[in-house]
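S.K.: In the working numbering, the protein residues as written are 891 to 1274. Virtual Cβ for every residue (Gly too), placed ideally from N, Cα, C.
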Ligand SMILES: Nc1ncnc2c1ncn2[C@@H]1O[C@H](COP(=O)(O)OP(=O)(O)OP(=O)(O)O)[C@@H](O)[C@H]1O
Ligand SMILES: [Mg+2]
């Protein structure tokens, strides 16, 4: 008997003096019935202040409103145990990040109460948060570094060509044919460089909310066909077959920006489709929206990259994209422009080497206008 008492006493002392853990007991209804010094240290209450209080006192007002303390007790009652990590409240109102284990205590099947063990993991939590923040910061820095490298490359490449052609023209010794080709190269590369700068400006305007649309009624079918015809020579030059099926649709939008949207999707399709591949442009209209699909049979988009394809600066394969060029801004700008028109854009690809499809949906202009697109003078007739 004495031995039993001594062993119980030792156990009581052990629990009492543990500092790192708040160890306390609750009765069947969740009221505190014992309190160790660890609990005093972590939660700030002395035993006399807290014994008799309900366990919900340690939870935030929001947790209490959501019924979290009652749910915890119910779970422990039913399954024997409940564990949680979350913010808890100290006596002085400050919070700490707690790991909590609640265990039902049963004596021959009958519930006698609960043992509750709480650890203060605030420091670990803060350390982890700091590590995560540092990792995010580092990743952002890496993106910035890579972007600077890409940008310099994208600006220098056309500039090299421009310098080269200027030097050749300067000599005055070119045949008319050679001179013509030199001028072409000058124009092409100047335009390429202008596009890089314009994409940068657009991005900065979008980021600062200074990009404004000049909205008007736009015959989208006509606009899409015009962009297709403008770009057709580039497809022919690369030997990529371009097919289109375009239905009329009137929308409210900024014509220059809508051209940019179509242009970006077609440029990407062309860039990623090898010789003899094909690009299909399909535009249809439902009662409420215009649906534009650009499908290509090119390199496709890896499934792990697909969710980031519209992110600023995001490019799938740095090696391929270095060869192909580009800043990784086109789709980010496109997505923002589509959103500013009240529309959505979606990318699909069955995987690497299997082509890609981009689908844009834009709300139609209020009725009447739509039907008149093809009957407007000077417009091309739809293909049969
Ligand atoms: N049709 C497509 N087929 C395969 N991959 C594509 C296609 N369109 C876009 N991608 C992938 O998405 C990335 C981002 O495209 P985005 O148009 O934003 O940038 P970019 O074409 O590399 O550069 P730019 O800023 O000149 O448009 C591309 O680098 C490419 O990896
Ligand atoms: Mg692009």
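Give a yes or no on whether the C-beta atoms belonging to residue 914 and residue 1006 are separated by under 8 Å.
M.R.: By one-based count along the chain shown, residue 914 stands at place 24. By one-based count along the chain shown, residue 1006 stands at place 116. Cβ atoms of residue 914 and residue 1006: closer than 8 Å.
S.K.: Which residues share a DSSP beta bridge with residue 915?
M.R.: By 1-based counting over the chain shown, the position of residue 915 is 25. 924, 1005.
S.K.: Distance check for residue 960 and residue 1002, CA to CA, integer angstroms please.
M.R.: Walking along the chain shown from the start, residue 1002 turns up at place 112. Walking along the chain shown from the start, residue 960 turns up at place 70. The straight-line gap from Cα to Cα measures roughly 17 Å.
S.K.: Between which two residues does the beta strand (DSSP E) carrying residue 1100 extend?
M.R.: The sequence position of residue 1100 within the chain shown is 210, counting from 1. Where residue 1100 is concerned, there is no enclosing beta strand (DSSP E), given that its DSSP letter is neither H nor E.
S.K.: Which class does residue 1142 belong to by DSSP, given the choice of helix, strand or coil?
M.R.: In the chain shown, the residue the question calls residue 1142 occupies position 252. In the structure shown, residue 1142 sits in a strand (DSSP, three-state: E or B).
S.K.: Is the beta carbon of residue 1130 less than 8 Å from the beta carbon of residue 1160?
M.R.: To locate residue 1130, count along the chain shown from 1; it is residue 240. To locate residue 1160, count along the chain shown from 1; it is residue 270. Yes, the Cβ-Cβ distance between residue 1130 and residue 1160 is below 8 Å.
S.K.: Could you tell me which of 1105, 1191, 1170 sits nearest to residue 1132, measuring between CA atoms?
M.R.: As a working mapping, residue 1132 is identified with position 242 in the chain shown. Taking only the C-alpha atoms, the option nearest residue 1132 is 1170.
S.K.: Tell me whether residue 1196, by its Cβ, gets closer than 7 Å to a heavy atom of ligand 2.
M.R.: Position 306 of the chain shown, counted from the start, is the residue given in the question as residue 1196. Checking the Cβ of residue 1196 against ligand 2 gives no.
S.K.: Looking at the secondary structure, which residues open and close the beta strand (DSSP E) in which residue 1202 lies?
M.R.: The count along the chain shown starts at 1 and reaches residue 1202 at position 312. Residue 1202 -> no beta strand (DSSP E), and no H or E assigned at all.
S.K.: Please look up how many angstroms separate the CB atoms of residue 1139 and residue 1175, rounded, as I've assumed it's under 8 Å.
M.R.: Here residue 1139 corresponds to residue number 249 of the chain shown, with the count starting at 1. Here residue 1175 corresponds to residue number 285 of the chain shown, with the count starting at 1. The Cβ separation is near 4 Å, so the contact holds.
S.K.: For my contact list, residue 966 and residue 993 are in at a C-beta cut-off of 8 Å; report their separation, rounded to the angstrom.
M.R.: Taking the first residue of the chain shown as position 1, residue 966 is located at position 76. Taking the first residue of the chain shown as position 1, residue 993 is located at position 103. With a Cβ gap of about 7 Å, residue 966 and residue 993 count as contacting.
S.K.: Just to check, is the beta-carbon of residue 883 closer than 7 Å to a non-hydrogen atom of ligand 1?
M.R.: Since the first residue shown for the chain is 891 and the last is 1274, residue 883 is missing from the structure and cannot be characterised.
S.K.: In whole angstroms, give me the CA-to-CA distance for residue 924 and residue 937.
M.R.: The residue given as residue 924 occupies position 34 in the chain shown. The residue given as residue 937 occupies position 47 in the chain shown. C-alpha separation (whole angstroms): 7 Å.
S.K.: Among 1082, 986, 1031, 1241, which residue has its Cα nearest to the Cα of residue 1016?
M.R.: Taking the first residue of the chain shown as position 1, residue 1016 is located at position 126. The option with the nearest alpha carbon to residue 1016 is 986.
S.K.: Of the choices 1244, 1182, 955, whose alpha-carbon is the least far from that of residue 1136?
M.R.: As a working mapping, residue 1136 is identified with position 246 in the chain shown. Selected option, being the one with the closest Cα: 1182.
S.K.: Using only the heavy atoms of ligand 2, determine whether one of them is closer than 7 Å to the beta carbon of residue 1188.
M.R.: The residue given as residue 1188 occupies position 298 in the chain shown. Answer for residue 1188: no, Cβ out of range of ligand 2.
S.K.: I'd like to check one pair, residue 1190 with residue 1233: are the Cβ atoms closer than 8 Å?
M.R.: As a working note, residue 1233 is residue 343 in the chain shown. As a working note, residue 1190 is residue 300 in the chain shown. Result no, Cβ atoms of residue 1233 and residue 1190 do not sit closer than 8 Å.
S.K.: Which residues have their C-beta within less than 7 Å of a heavy atom of ligand 2, listed in chain order?
M.R.: That query returns the following residues: 1154, 1157, 1158, 1161, 1216, 1220, 1221.
S.K.: Can you check DSSP and say which residues form a bridge with residue 953?
M.R.: Counting from one through the chain shown, the residue named residue 953 turns up at place 63. DSSP, once it has assigned bridges, lists no residue as partnering residue 953.
S.K.: Report the start-end ranges of each beta strand (DSSP E) in the stretch 1041-1121 that is 3 residues or longer and not cut off at the edges.
M.R.: Listed in chain order, the complete beta strand (DSSP E) runs (minimum 3 residues) inside the stretch 1041-1121 are 1106-1109.
S.K.: So what does DSSP say about residue 1239, is it helix, strand or coil?
M.R.: In the chain shown, the residue the question calls residue 1239 occupies position 349. In this structure, residue 1239 counts as coil in the three-state DSSP scheme.
S.K.: So the alpha helix (DSSP H) residue 1226 belongs to, where does it begin and stop?
M.R.: The residue you call residue 1226 lines up with position 336 of the chain shown. It spans 1220-1230 - the alpha helix (DSSP H) in which residue 1226 sits, taken as one unbroken run.
S.K.: Which residues in the same chain as residue 1101 place their Cβ atom closer than 7 Å to its Cβ, once the five residues preceding and following it in sequence are excluded?
M.R.: Position 211 of the chain shown, counted from the start, is the residue given in the question as residue 1101. Excluding sequence neighbours, residue 1101 sits near 1092, 1095.
S.K.: Under DSSP, the beta strand (DSSP E) around residue 1134 begins and ends at which residues?
M.R.: For the purposes of this step, residue 1134 is taken as residue 244 along the chain shown, with counting starting at 1. Where residue 1134 is concerned, the enclosing beta strand (DSSP E) stretches over 1131-1136.
S.K.: Should the stretch 1102-1110 be regarded as contacting the stretch 1140-1147, the criterion being three or more beta carbon pairs within less than 8 Å?
M.R.: Yes: at least three Cβ pairs fall under 8 Å.
S.K.: How many Å lie between residue 1060 and residue 1077 at the Cα?
M.R.: The residue you call residue 1060 lines up with position 170 of the chain shown. The residue you call residue 1077 lines up with position 187 of the chain shown. Near 16 Å, if we compare the C-alpha coordinates of residue 1077 and residue 1060.
S.K.: Residue 1252 to residue 910, Cα distance in whole Å?
M.R.: In the chain shown, residue 1252 corresponds to position 362, counting from 1. In the chain shown, residue 910 corresponds to position 20, counting from 1. In a straight line, the C-alpha of residue 1252 is about 60 Å away from that of residue 910.
S.K.: Whole-angstrom Cβ separation of residue 1055 and residue 1072, contact assumed at under 8 Å?
M.R.: Start at 1 with the first residue of the chain shown, and residue 1055 comes out as number 165. Start at 1 with the first residue of the chain shown, and residue 1072 comes out as number 182. At roughly 4 Å, the Cβ-Cβ gap stays under 8 Å, so residue 1055 and residue 1072 are in contact.
S.K.: Would you kindly check if the distance between the Cβ of residue 1075 and the Cβ of residue 1051 is under 8 Å?
M.R.: Here residue 1051 refers to the residue found at position 161 when the chain shown is read from its first residue. Here residue 1075 refers to the residue found at position 185 when the chain shown is read from its first residue. Yes, the pair counts as a contact, with Cβ atoms nearer than the cut-off.
S.K.: What residues are listed by DSSP as bridge partners for residue 1249?
M.R.: For the purposes of this step, residue 1249 is taken as the residue at position 359 of the chain shown. Looking at the DSSP assignment, residue 1249 forms a beta bridge with 1183, 1236.
S.K.: Which stretch, first to last residue, makes up the alpha helix (DSSP H) that contains residue 986?
M.R.: To locate residue 986, count along the chain shown from 1; it is residue 96. It is not in any alpha helix (DSSP H) - residue 986 instead sits in the beta strand (DSSP E) that spans 985-997.
S.K.: With distances taken between CB atoms, is the gap from residue 978 to residue 988 smaller than 8 Å?
M.R.: The sequence position of residue 978 within the chain shown is 88, counting from 1. The sequence position of residue 988 within the chain shown is 98, counting from 1. The answer is yes: Cβ separation under 8 Å.
S.K.: Return the Cβ separation of residue 1134 and residue 1113 in integer angstroms, given the expectation that the two are a contact with Cβ distance under 8 Å.
M.R.: The residue you call residue 1134 lines up with position 244 of the chain shown. The residue you call residue 1113 lines up with position 223 of the chain shown. Between residue 1113 and residue 1134 the Cβ distance is about 13 Å, and since that is not below 8 Å, they are no contact.
S.K.: Helix, strand or coil: how does DSSP classify residue 891 here?
M.R.: In the chain shown, residue 891 corresponds to position 1, counting from 1. Coil at residue 891, not helix or strand.
S.K.: Please find out if some non-hydrogen atom of ligand 1 comes closer than 7 Å to the beta-carbon of residue 951.
M.R.: Here residue 951 refers to the residue found at position 61 of the chain shown. No, since every heavy atom of ligand 1 falls outside the 7 Å radius drawn around the Cβ of residue 951.
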